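Participant: Residue numbers (the numbering used here), protein chains in the order written: chain A, 55 to 167; chain B, 455 to 568.
Yeah, the Cβ is synthetic: ideal placement off N, Cα and C, and Gly gets one too.
In this text the structure is predicted, and so the values were computed from the model without any measurement.
Please see the structure below; I have some questions.
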Amino acid sequence: ILNVEQSPQSLHVQEGDSTNFTCSFPSSNFYALHWYRWETAKSPEALFVMTLNGDEKKKGRISATLNTKEGYSYLYIKGSQPEDSATYLCAFAGSGGYQKVTFGTGTKLQVIP
Amino acid sequence: NAGVTQTPKFRVLKTGQSMTLLCAQDMNHEYMYWYRQDPGMGLRLIHYSVGEGTTAKGEVPDGYNVSRLKKQNFLLGLESAAPSQTSVYFCASSYSLGANNEQFFGPGTRLTVL
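Right, dumping it as structure tokens:
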């Protein structure tokens with residue numbers, strides 16, 4: 055079983071604050087790292103799929119970086135808004151002949167107006 | 455496009471009963487997945503399929519069976535439901551080479567086993 059850890063488990067930020075959280079994954083046999091956004095009562099939606107060490111992806115106020123050598127990815131939200139409130143999941147895909155991902159338990163973000 | 459749909463949305467079963475959850479996708483995706491989501495745990499893969507007629511075990515396959523008779527459908531069966539199978543079940547699909555392609559999720563099925 056692969057160990058994919060996310061921290062913090064939850065956090066509250068004020069509207070307008072910027073924030074970031076971490077996904078840690080095995081540094082060997084890396085294939086891809088996914089980030090998903092999961093709003094309450096909805097289903098997860100993909101934010102980014104990252105495959106190269108040093109990758110940086112951006113979508114609006116949300117961005118992500120990837121370090122495959124040390125096994126971590128950061129997700130940043132600039133100027134948080136109440137609509138950013140959600141659980142953010144990362145998922146690690148390792149090489150080795152199978153095509154599936156292992157999900158972390160998520161970081162639950164609440165943005166306080 | 456409807457994307458990924460799941461039937462039913464909710465179900466209550468008694469221990470020992472059987473049921474089938476249906477997942478359908480209209481995106482012509484090769485890969486389909488069944489996950490369960492429990493409090494304090496990440497999405498855990500039950501079974502997956504890399505194409506019509508093929509299935510494979512995931513992380514937590516015991517007590518479940520699956521079939522992929524048509525490319526667009528992926529069925530999850532519980533032959534004899536147990537309270538430990540109370541969970542929210544999510545189906546997902548992705549274009550080929552699933553690991554570096556985003557997954558599209560269905561709305562989930564909330565199952566309670568009494």
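Which of the three DSSP states, helix, strand or coil, is assigned to A:N57?
Facilitator: Look at A:N57 here: in three-state DSSP terms it is coil, with no helix or strand label.
Participant: At 4 residues or longer, what runs of the alpha helix (DSSP H) sit wholly inside the segment 525 to 558 of chain B?
Facilitator: Listed in chain order, the alpha helix (DSSP H) runs fully inside the segment 525 to 558 of chain B amount to none, counting runs of at least 4 residues.
Participant: How about A:L84: is its C-beta nearer than 8 Å to some C-beta of chain B?
Facilitator: Before going on, a small fix: residue 84 of chain A reads as Phe here, not Leu. Not closer than 8 Å to any Cβ of chain B, the Cβ of A:F84 fails to qualify, so no.
Participant: For A:K96, which of B:D516, B:P462, B:F559 has the nearest alpha-carbon?
Facilitator: B:F559
Participant: Decide yes or no for the touch test of the segment 492 to 501 of chain B against the segment 472 to 481 of chain B: beta carbon pairs closer than 8 Å, at least 3 of them.
Facilitator: The answer is no - the segment 472 to 481 of chain B does not touch the segment 492 to 501 of chain B, with fewer than three Cβ pairs under 8 Å.
Participant: Using DSSP bridges, identify the partner residues of A:E99.
Facilitator: BP columns for A:E99 point to A:R91.
Participant: Starting from B:N555, find everything on chain A with Cβ-Cβ shorter than 8 Å and list it in chain order.
Facilitator: V103
Participant: Evaluate contact between the segment 77 to 88 of chain A and the segment 107 to 125 of chain A, counting only Cβ atoms and requiring at least three cross-stretch pairs below 8 Å.
Facilitator: The segment 77 to 88 of chain A, when compared against the segment 107 to 125 of chain A, does touch it at the 8 Å Cβ threshold.
Participant: Within this structure, are the beta carbons of B:G496 and A:G148 separated by less than 8 Å?
Facilitator: no
Participant: Closest Cβ-Cβ distance between A:T119 and chain B: below 8 Å?
Facilitator: No, because no Cβ of chain B sits closer than 8 Å to the Cβ of A:T119.
Participant: Under a three-way DSSP split, which group does B:E513 fall into?
Facilitator: coil
Participant: Is the closest heavy atom of the ligand GTP to the C-beta of A:T161 under 7 Å?
Facilitator: No copy of the ligand GTP occurs in the structure displayed, which carries no ligand at all.
Participant: Which runs of the beta strand (DSSP E) at least 3 residues long sit entirely within the segment 107 to 137 of chain A? Give them in chain order.
Facilitator: 110 to 113, 116 to 121, 126 to 131
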